[in-house]
Every structure is written in structure tokens, then in C-alpha cells.
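**Q** Numbering (the numbering used here), first residue to last: 13 to 104.
#1: Can you give me the start and stop residues for the alpha helix (DSSP H) that residue 81 sits inside?
#2: Cα-Cα, which of 49, 89, 78, 40 is closest to residue 62?
#3: Less than 8 Å between the CB atoms is what I'm expecting for residue 118 and residue 39, so what's the real figure, rounded?
#4: Here's the rule I'm using: 16 or more other beta-carbon atoms within 10 Å means buried, otherwise exposed. How should residue 29 be labelled?
#5: Could you tell me which uninterrupted alpha helix (DSSP H) segments, each at least 4 residues in length, are contained entirely in the stretch 15-80, listed from first to last along the chain?
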């Protein structure tokens, strides 16, 4: 018998999109201040969250496309920032 103090989050529909947006905002903040430990931590959380959102919305492709499209933009920014960092390191 398992004791659960809070109910499991619901990632169906708008709730899943909201969870993804919240994570995106935190990831964007971490990128802005170059908190790479936080970026790594949020990236790991993102992998789990994506799986949960996909599982909860298997029959609702529009929700999946919306959630993942927005996330794609955040990761494009992350890649661009990493490329800038590497360029700066090679320039010094």
C-alpha cells in the first residue's frame, strides 16, 4: 500500500501545455543568468515532462504540437547560446 500526500499532476490538454510553459520560463531564466547547473537540472526534468505530456495527450496531437513547438524555440536559444560560448572560448 502506497501513501500519496498529493494527487498526481494531470498533463492532459491545457494542463500539459501550462506545465511545459512553466518549465520553459524557468529554463529561459536560467539561460539568461548563465546558471548552467540549473539548465542541466531543468533539462533532465524536461525529458520526464515531455514523456508525461506525450503519454497524457496521445490522442490530442494539436496539444502535443503546441507544447513541443514552443519548447523547440527554447532549445534553439540554448543551442545558439552554447555556440556563442564556444566561440568565445576559442577566441581567447
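Note that CB positions come from ideal geometry on N, CA and C, so glycine has one too.
**A** In terms of the structure at hand:
#1: To locate residue 81, count along the chain shown from 1; it is residue 69. Looking at the DSSP string, the run of the alpha helix (DSSP H) that includes residue 81 is 73-103.
#2: Here residue 62 refers to the residue found at position 50 of the chain shown. Ranking 49, 89, 78, 40 by Cα distance to residue 62 puts 78 first.
#3: The first residue shown for the chain is 13 and the last is 104, placing residue 118 beyond what the model contains.
#4: Looking up residue 29 in the chain shown gives position 17. Its Cβ being crowded by 16 or more others within 10 Å, residue 29 is buried.
#5: Fully enclosed alpha helix (DSSP H) runs of 4 or longer: 26-44, 48-68.
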